[in-house]
Every structure is written in C-alpha cells, then in structure tokens.
Amino acid sequence: MTAQAPETPASLSFWARRKARAKAKARAVPFNRRVRGKDYLWVYAFLAPFAILYIGFTVWPLFATIIYSFFEWDGVKPLEDFVGLENFVTIAQDPLFWLSFRNTVVFAVINTLIKVPLSLIAAIVLTRKWLSGKRIFRTVFFAPLVIPVAMAGLIFQILLHPANGAVNDVLLSLGLVNQPIDFLGDERLALLSLILVSVWQIFGQYMIYWMAALQNVPEILYEAAELDGANESQKLWYVTLPVIRPVAIIIIFLAFVNALRVFGLVVTMTGGGPGFQTYVVPYFIYTQALVDFPFRYGYASAAAVLFGLTILVAVTIQGWFVNRADQDRRDYGV
C-alpha cells in the first residue's frame with residue numbers, strides 16, 4: 000500500500016485561513032439570519048400566549064360583532080334570523096343614536112380643548128429648572144390616573160350631590176351660591192360635569208406626554224436663542240413650540256380618539272340622564288344589548304360597527320398627520 004503523504008505546511012495554512020474566514024463570516028451575519036431550526040421554536044413559544052390572547056379578545060370579538068350586526072338576535076337564542084342591512088337602516092333613523100353620537104363628539108371636542116392646553120402648561124412649568132419639588136407636583140398630577148374610572152365616578156357622584164356633597168358645601172360656605180347646585184341633574188351642567196371629571200382623571204397622562212416631548216428639545220437651540228437675546232417667553236414661542244409641533248399633533252389626535260370612548264363615568268355618575276343629555280354611543284350600545292328589554296344584541300352590534308368606522312376614520316386621519324409629524328421631527332433632528 001502506498002503511504003499517504005503528510006500535509007504540507009502550505010496546505011495547513013490554506014485550511015486554517017479558510018476556517019478563519021468561515022468563522023468571521025458567521026459572526027458578520029445578523030442574528031436573525033443565523034437563527035434556524037429549533038431556535039425558532041423558542042420564538043414561537045414566547046409569542047404563542049400573546050397571539051392567543053390577541054385573537055381571543057380582539058380579533059374574534061371584532062369579527063363576531065360584524066357578523067351579529069346582520070342578525071336580529073337577543074344574545075341568547077340561536078343565531079338564525081338574518082336581516083341583512085336592516086339594523087343599519089334602523090340605526091340611521093334612530094334619533095337616540097344620533098343624539099348619543101352628538102353628545103359623544105361634543106364630549107370629545109371639549110374634553111380635548113381643556114385637557115391638552117392645561118396639561119401642556121403644567122408640563123412646561125414642571126420642566127423649568129428653577130422649580131423645586133418637581134416630584135411632588137408630578138405625583139399629585141399623576142395620582143388620579145391610577146384610580147379606576149368607575150371608582151372616580153362614584154367618588155364624584157358623592158362629592159357633587161346637591162344635598163350633602165362636599166362641592167356644594169364649599170360653595171355655600173363661601174357665599175358663591177345661594178342654593179345647592181344639582182350638577183348631575185341639570186341638563187345644562189351634567190355633560191360639562193362629566194367632562195371636568197374626565198379631565199381631572201386623565202390629566203396626568205397627557206402631562207407626561209408633553210414632558211417627554213419638552214425634554215427632547217435640543218439644549219443647543221435654547222443656548223442659541225439666549226445668545227440672540229431671547230427671553231423665556233420668546234424661547235417658548237419661537238423654539239419650544241415649533242420643535243414639539245410634530246409631537247403635539249399626535250398628542251391632540253390621541254386625546255380626541257381616547258375621549259370618544261367615554262363610558263365608565265356615564266354609567267357610574269348619570270346613567271345617560273338627565274333627559275338623555277349624557278347619552279353617549281358606548282352607553283347606547285350597552286343599554287341596547289344588555290339593559291333595555293328585549294335585548295337587541297344584533298342592533299347594538301350594528302351601532303358598534305358604525306361607531307367603530309367613525310373611530311377608524313379618525314385614526315386614519317391621525318395616521319396621516321403622524322406620518323407628516325415624523326417627517327417634521329426628522330427635519331428638526333428630534
């Protein structure tokens with residue numbers, strides 16, 4: 000037999016270099032391209048619970064609501080009585096639905112017009128370097144947010160009670176009114192009272208949004224403004240507000256869309272009254288499906304679909320503004 004010749008130093012050098020290049024190439028490949036085979040099982044294992052919950056509590060209820068809207072159904076009997084678009088036609092002619100829709104839009108608009116500027120002012124003050132005790136003020140403003148909406152509604156129902164509510168006691172003791180005010184029983188004040196309670200409860204969340212936007216303004220812009228002789232109000236008007244404008248658009252639309260979903264305060268404070276003046280679309284859907292007998296689950300589903308389309312339009316408009324805001328933010332470098 001012919002003995003195999005030993006590998007020469009040149010051949011060893013060739014294979015060593017090739018192995019080194021292979022290792023370097025493997026290190027250069029991104030991690031997500033190197034994951035193969037069994038490694039994917041861990042990814043799916045972690046994502047599966049969240050996917051199941053999302054499908055079960057978001058995707059399926061959405062499709063089920065759309066399906067139910069084409070049936071005359073009470074939520075109990077078999078789903079058999081298909082009525083097509085009849086529920087939608089009936090809703091289009093229902094004055095209570097349109098009153099609820101108007102109240103919802105009025106609530107959202109006024110709520111946004113109050114809480115957005117006030118939270119911006121609070122954020123500007125709390126980001127000033129000269130202010131002491133910032134943590135205390137932040138905690139005070141943010142604390143109502145951790146209170147459940149239903150509990151906040153019950154608390155203010157007691158505080159605003161005309162007979163023994165603390166608010167009327169204070170107003171009477173100060174001589175500001177001659178007789179107790181029925182805040183939740185007066186058709187002119189009920190919706191406004193809900194708006195003010197909602198602003199108090201959610202105020203801290205938007206203050207945090209504004210503070211995050213203000214803290215991202217480049218310090219070099221303020222320094223340049225100071226060199227030009229700008230005072231605090233001029234820096235706010237000509238530096239801060241233009242820079243945070245892209246984020247401001249997002250915050251405003253987010254505040255409006257969130258305000259459209261008012262429900263808990265209506266249930267706990269007014270029940271839609273007085274005289275349907277605080278009837279909002281989510282509460283209308285709730286009463287049609289689960290309160291007023293006979294239950295009209297299919298009819299309520301049709302109302303939910305129409306209201307959902309309204310929110311979808313608002314979100315679409317918001318998305319368009321968000322895209323423009325992102326471009327503006329990149330232009331400003333923030």
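Heads up: the sequence shown at position 87 corresponds to 86 in numbering that gives the first Met the number 0, and the numbers run straight through without jumps.
All residues carry an ideal CB built from backbone N, CA and C; glycine is no exception.
Note that the structure is a prediction, hence the values are computed from the model and not measured.
Legend entry - When L308, P281, T315 and L311 are compared against A299, the one with the closest alpha-carbon: P281
Legend entry - Assigned secondary structure, F49 (DSSP; H/G/I helix, E/B strand, else coil): helix
Inset, instruction - Pull up the distance between the alpha-carbon of V28 and that of A247, whole angstroms please. - result: Low confidence applies here, because V28 scores a pLDDT of 48, under 50, leaving its location unreliable; read the following figure in that light. Between V28 and A247, the C-alpha separation is close to 40 angstroms.
Inset, instruction - Could you tell me whether the region 118 to 130 touches the region 207 to 226, where touching means 3 or more Cβ pairs closer than 8 angstroms? - result: yes
Legend entry - Helix, strand or coil at F182 [DSSP, three-state]: Collapsing the DSSP output to three states places F182 in coil.
Inset, instruction - Let me know the secondary structure DSSP gives F320 once reduced to three states. - result: Three-state DSSP puts F320 in a helix.
Inset, instruction - Apply the 10 Å Cβ neighbour rule to L159 and answer buried if 16 or more other Cβ atoms are within range, or exposed otherwise. - result: buried
Inset, instruction - Spell out a yes or no on whether the region 267 to 279 and the region 55 to 72 are touching, meaning 3 or more CB-CB pairs, one atom from each, closer than 8 angstroms. - result: no
Inset, instruction - Assign Y43 to one of two classes, buried (16 or more other C-beta atoms within 10 Å of its C-beta) or exposed (fewer than that). - result: Answer is exposed; the Cβ neighbour count stays below 16.
Legend entry - Spatially closest choice to Q204 from V139, D168, P77 and A189, by CA coordinates: Relative to Q204, the option among V139, D168, P77 and A189 whose CA is nearest is V139.
Legend entry - C-beta contact flag for L193 and F106 at 8 angstroms: yes
Inset, instruction - For F81, write down the residues that DSSP places opposite it in a beta bridge. - result: F70
Inset, instruction - Consider the Cβ of F275: report whether some Cβ of chain D lies at a distance smaller than 8 angstroms. - result: Among the chains of the structure shown, chain D does not appear; only one protein chain is present.
Inset, instruction - Grab me the residues of T315's own chain with a C-beta within less than 7 angstroms of its C-beta, minus the 5 sequence neighbours each way, in chain order. - result: So no residue of the chain qualifies.
Inset, instruction - Quick one: using the 10 Å Cβ neighbour count with 16 as the cut-off for buried, is G132 buried or exposed? - result: exposed
Inset, instruction - Output yes or no for whether 8 angstroms exceeds the beta carbon distance between L188 and P179. - result: no
Inset, instruction - Can you have a look at F30 and say buried or exposed, based on whether 16 or more other CB atoms are within 10 angstroms of its CB? - result: Below a pLDDT of 50, predicted positions are generally treated as unreliable, and F30, at 48, falls in that range; no measurement from the model is reported.
Inset, instruction - Decide if the region 221 to 231 is in contact with the region 284 to 304; the criterion is three or more beta carbon pairs, one per stretch, under 8 angstroms apart. - result: no
Legend entry - Among F255, A258 and Y221, nearest to P241 - alpha-carbon criterion: Considering only alpha carbons, the answer is Y221.
Inset, instruction - Compute the distance between the beta-carbons of A71 and V82, then report whether it is under 8 angstroms. - result: Rather than Ala, the amino acid found at residue 71 in this sequence is Glu. In this structure, the beta-carbon distance from E71 to V82 falls below 8 angstroms.
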